[in-house]
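Data block below; observations after.
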């Protein structure tokens with residue numbers, strides 16, 4: 001069976017990544033793609049690397065006939081998604097790649113995103129899209145909220161450790177480096193080559209990054225009490241990739257065993273041998289996440305490092321992984337491509 005797919009916001013990086021991955025998916029066919037400013041253009045004009053594909057012309061959302069569409073990927077900006085999804089057919093499956101449905105509490109959404117949520121009923125319906133931990137809920141969901149790419153990386157490093165109670169929950173430091181594509185495709189002065197290359201810098205310092213809302217929500221549920229991590233993201237002059245270095249208090253060998261056992265059956269999460277550290281270059285363009293554990297010279301402390309591609313496992317690959325479950329396909333379908341190296 002071939003599932004008919006629509007992509008809203010196909011002219012952004014995550015939209016292009018969805019197209020790239022679906023191009024070799026054995027059970028998905030793209031039948032509609034929207035863009036705003038680029039409506040009326042062919043995808044080959046917007047993304048020349050996709051010119052070999054036979055794709056629908058980009059159009060306005062209101063021009064799409066959703067009759068017969070099995071699943072819609074919504075790759076629109078925050079605050080836009082909720083208004084658009086609210087108007088979509090109520091029986092159509094949706095995977096949202098924005099932040100609009102990640103937080104369950106409307107007050108949390110207002111706090112982190114600066115405005116009231118306009119589709120609260122849908123917010124209650126949405127399932128959090130971290131596939132490895134919400135698999136069965138996702139399988140039966142109509143609306144799935146893709147995670148933040150930074151939030152996903154940190155959670156792969158920490159969720160099993162919090163659940164197992166092997167680290168001090170009040171002593172978690174998360175230092176994260178993210179490539180520039182995580183900021184989207186729109187023109188911004190601080191993302192110009194001359195402004196960004198040959199250096200990197202911290203941003204959202206002191207606990208203002210929006211993905212902290214996801215960490216607070218998910219870690220606190222796991223622990224059964226409030227958990228707040230100390231988190232500083234950094235922007236690096238690379239196109240793709242996230243590297244999260246997490247400093248925790250606990251026995252390093254025990255921490256490694258918990259992670260290894262937790263992910264032993266997971267097709268996309270690889271725990272490296274003890275003492276090895278992952279690299280973004282080894283997951284580039286793939287749906288894999290690599291996790292490593294090393295002991296510190298200070299007894300009772302450990303360093304957990306996680307690496308993934310922010311556009312694939314952190315966003316569009318994760319979205320397709322979730323869509324596979326929602327559509328009754330093999331979870332790995334279309335996603336087992338090897339990382340691109342060098």
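In the UniProt record's numbering, the protein residues as written are 1 to 342.
For every residue, glycine included, the Cβ atom is placed at its ideal position computed from N, Cα and C.
Cβ of residue 244 within 9 Å of Cβ of residue 157? By one-based count along the chain shown, residue 244 stands at place 244. By one-based count along the chain shown, residue 157 stands at place 157. Yes.
Please state if the CB of residue 232 and the CB of residue 205 are separated by a distance shorter than 9 Å. As a working mapping, residue 205 is identified with position 205 in the chain shown. As a working mapping, residue 232 is identified with position 232 in the chain shown. Their beta carbons are under 9 Å apart, which means residue 205 touches residue 232 by this criterion.
Run through DSSP, which three-state label would residue 233 get? Reading the chain shown from its first residue, position 233 is the one you call residue 233. Three-state DSSP puts residue 233 in a strand.
Taking its Cβ as the centre, do 16 or more other Cβ atoms sit within 10 Å of residue 280, making it buried, or is it exposed? Looking up residue 280 in the chain shown gives position 280. Buried is the call here.
Can you name, in chain order, every residue of its own chain whose Cβ lies under 7 Å from the Cβ of residue 77, other than the five neighbours on each side? Position 77 of the chain shown, counting from 1, holds the residue named residue 77. So the list reads 98, once near-sequence residues are dropped.
Residue 6 to residue 320, Cα distance in whole Å? By one-based count along the chain shown, residue 6 stands at place 6. By one-based count along the chain shown, residue 320 stands at place 320. Roughly 12 Å separates the two Cα atoms.
Helix, strand or coil: which one does DSSP assign to residue 92? Translated into the one-based positions of the chain shown, residue 92 becomes position 92. Coil.
Apply the 10 Å Cβ neighbour rule to residue 326 and answer buried if 16 or more other Cβ atoms are within range, or exposed otherwise. Counted from its first residue, the chain shown places residue 326 at position 326. Residue 326 should be labelled buried.
For a quick check, are the C-beta atoms of residue 33 and residue 10 less than 9 Å apart? As a working note, residue 33 is residue 33 in the chain shown. As a working note, residue 10 is residue 10 in the chain shown. Yes, they are a contact pair.
Look up residue 45 in the DSSP assignment and say whether it is helix, strand or coil. On the chain shown, residue 45 is found 45 positions in, with the first residue counted as 1. If DSSP states are grouped into helix, strand and coil, residue 45 belongs with the helices.
DSSP three-state call for residue 34: helix, strand or coil? Counted from its first residue, the chain shown places residue 34 at position 34. Strand, per DSSP.
So, is residue 265 buried or exposed, given that buried needs 16 or more other C-beta atoms within 10 angstroms? By one-based count along the chain shown, residue 265 stands at place 265. Under this definition residue 265 is an exposed residue.
Backbone CA spacing between residue 23 and residue 224 [nearest angstrom]: Looking up residue 23 in the chain shown gives position 23. Looking up residue 224 in the chain shown gives position 224. About 42 Å.
Measuring alpha carbon to alpha carbon, tell me which of 193, 184 and 168 ends up nearest residue 226. As a position in the chain shown, residue 226 is number 226, starting the count at 1. Out of 193, 184 and 168, 168 has the C-alpha closest to the C-alpha of residue 226.
For residue 19 and residue 300, what's the separation of their Cα atoms in angstroms? Counting from one through the chain shown, the residue named residue 19 turns up at place 19. Counting from one through the chain shown, the residue named residue 300 turns up at place 300. Each residue's alpha carbon lies about 46 Å from the other.
Give the secondary structure of residue 171 by DSSP, where H, G and I count as helix, E and B as strand, and everything else as coil. The count along the chain shown starts at 1 and reaches residue 171 at position 171. If DSSP states are grouped into helix, strand and coil, residue 171 belongs with coil.
Among the candidates 80, 2 and 58, whose CA atom is the shortest distance from the CA of residue 16? Within the chain shown, numbered from 1, the residue matching residue 16 stands at position 16. Comparing Cα positions, the closest option is 58.
Skipping 5 residues on each side, what residues in its chain have a beta carbon closer than 8 Å to that of residue 284? For the purposes of this step, residue 284 is taken as residue 284 along the chain shown, with counting starting at 1. Only 240, 241, 309, 339, 340 and 341 meet the Cβ criterion.
Report the three-state DSSP secondary structure of residue 73 (helix, strand or coil). Translated into the one-based positions of the chain shown, residue 73 becomes position 73. The answer is strand: DSSP assigns residue 73 an E or B state.
Under the three-state reduction of DSSP, which class applies to residue 297: helix, strand or coil? To locate residue 297, count along the chain shown from 1; it is residue 297. Here residue 297 sits in coil by DSSP.
Determine the closest residue to residue 201 out of 329, 235 and 176, with distance taken between C-alpha atoms. The residue given as residue 201 occupies position 201 in the chain shown. Comparing Cα positions, the closest option is 235.
Would you mind listing the alpha helix (DSSP H) stretches within the stretch 231–280 that are 4+ residues and don't spill past its ends, in chain order? 252–262
Residue 143: first and last residue of the uninterrupted beta strand (DSSP E) it sits in: Start at 1 with the first residue of the chain shown, and residue 143 comes out as number 143. It spans 143–145 - the beta strand (DSSP E) in which residue 143 sits, taken as one unbroken run.
If the criterion is Cβ atoms closer than 9 Å, does the pair residue 154 and residue 174 meet it? Along the chain shown, read from residue 1 onward, the residue named residue 154 stands at position 154. Along the chain shown, read from residue 1 onward, the residue named residue 174 stands at position 174. Taking 9 Å as the Cβ cut-off, residue 154 and residue 174 qualify as a contacting pair.
Residue 325 lies in the alpha helix (DSSP H); which residues open and close that run? The residue you call residue 325 lines up with position 325 of the chain shown. 317–326 is the span of the alpha helix (DSSP H), which, as asked, contains residue 325.
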